[in-house]
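Notes for the one structure printed next.
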Amino acid sequence: MGKRMEDGIEYRWALRREDAERIGRLVVATGFFSPEEQQIAIELAEERFAKGIASGYEFITAEQGSNLVAYVCYGLIAGTSSSYDLYWIAVHPEMQGRGLGQRIMELAETEIAKLGGTRVYVDTSSRQQYAPTRSFYQRVGYRQDALLEDFYAPGDGKVIYVKVLS
0 MGKRMEDGIE YRWALRREDA ERIGRLVVAT GFFSPEEQQI AIELAEERFA KGIASGYEFI
60 TAEQGSNLVA YVCYGLIAGT SSSYDLYWIA VHPEMQGRGL GQRIMELAET EIAKLGGTRV
120 YVDTSSRQQY APTRSFYQRV GYRQDALLED FYAPGDGKVI YVKVLS
């Protein structure tokens, strides 16, 4: 699948060379991610562009005009037959609260199911700053499966969510 237009948003399933830099700007704009995490987001896009499908990373981007307003990155978890990780989802702050995050998540889940995926895992921080993120995952049908205390740092646990695809 190449691209699709919905309500003035163009969704695209293929990365372009300039997308890594654009993804970097988007994750910075959210105000949620550390400099290290921002670099990881860029590196995953660069790896996908360099290695293609062999990278193990799949992307869907959402653009409004020439602006990247959201993206999602996911991939099959190595060593599993049908479990996928949702590595990244980010929506520009000016576009949050409009259903864009839910829509791009639905598109990713549809693609995962087409690829034979049956479960999607996503993890996030337990810090208060991430309460809206955790609420979002719950609203779109994910359930908390685990909490690893002090995973990222003292007082910053890893919350793991799962959704079984039907």
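Residue 0 is where the sequence shown starts when you use numbering that gives the first Met the number 0, and the numbers rise one by one after that.
All C-beta atoms in this analysis are idealised placements derived from N, C-alpha and C, irrespective of residue type, glycine included.
_Through-space distance from Gly154 to Ala44, alpha-carbon basis_ = Along the sequence shown, read from residue 1 onward, the residue named residue 44 stands at position 45. Along the sequence shown, read from residue 1 onward, the residue named residue 154 stands at position 155. Those two C-alpha atoms are separated by around 30 Å.
*Which residue's Cα is closest to the Cα of Leu106: Glu20, Leu75 and Ala61?*
Along the sequence shown, one-based indexing puts residue 106 at 107. Of the candidates Glu20, Leu75 and Ala61, the one whose C-alpha sits nearest the C-alpha of Leu106 is Ala61.
*Could you spell out where the beta strand (DSSP E) holding Val119 opens and where it closes?*
To locate residue 119, count along the sequence shown from 1; it is residue 120. Per DSSP, Val119 belongs to the beta strand (DSSP E) from Arg118 to Ser124.
_Among the candidates Ile59, Gln63, Ile41 and Gly74, whose CA atom is the shortest distance from the CA of Ala53?_
Working through the sequence shown from its first residue, we reach residue 53 at position 54. Measuring from the Cα of Ala53, the nearest candidate turns out to be Gly74.
*Look at Gln63 and Ile22 and say whether their C-beta atoms are less than 8 Å apart.*
Counting from 1 along the sequence shown, the entry for residue 63 is found at position 64. Counting from 1 along the sequence shown, the entry for residue 22 is found at position 23. No, Cβ-Cβ distance for Gln63 and Ile22 is not below 8 Å.
*Have a look at the DSSP bridge pairing and note the partners of Lys2.*
The sequence position of residue 2 within the sequence shown is 3, counting from 1. Answer by DSSP bridge pairing, in chain order: Arg11.
*Whole-number beta carbon distance between Met94 and Val68, since they are thought to touch under 8 Å*: On the sequence shown, residue 68 is found 69 positions in, with the first residue counted as 1. On the sequence shown, residue 94 is found 95 positions in, with the first residue counted as 1. Val68 to Met94, Cβ: 5 Å. Contact.
*What runs of the alpha helix (DSSP H), each 4 residues or longer, lie entirely inside the segment 87-157?*
99-113 and 130-138
*Which same chain residues, not among the five before or five after Asp122, have their C-beta less than 6 Å away from its C-beta?*
As a first step, residue 122 must be located in the sequence shown, where it is residue number 123. Once the five neighbours on either side are set aside, the close Cβ partners of Asp122 are Lys157 and Ile159.
*Could you pull out every residue in the same chain whose Cβ sits closer than 8 Å to the Cβ of Leu164, ignoring the five residues on either side in sequence?*
Within the sequence shown, the letter at position 165 stands for residue 164. Same-chain partners within the cutoff: Glu108, Ile111, Ala112, Gly116, Thr117, Arg118 and Val119.
_As assigned by DSSP and simplified to three states, the class of Gly51_ = Position 52 of the sequence shown, counted from the start, is the residue given in the question as residue 51. It is helical.
_Only counting the same chain, and skipping five residues up and downstream in sequence, which positions put a Cβ closer than 7 Å to that of Phe166?_
This structure gives no information on residue 166, because the portion of the chain shown stretches from 0 to 165.
*What residues in its chain sit with their C-beta under 8 Å from that of Gly55, if we drop five residues either side in the sequence?*
On the sequence shown, position 56 is the one that residue 55 refers to. Excluding positions up to five away in sequence, the list reads Gly74, Leu75 and Ala77.
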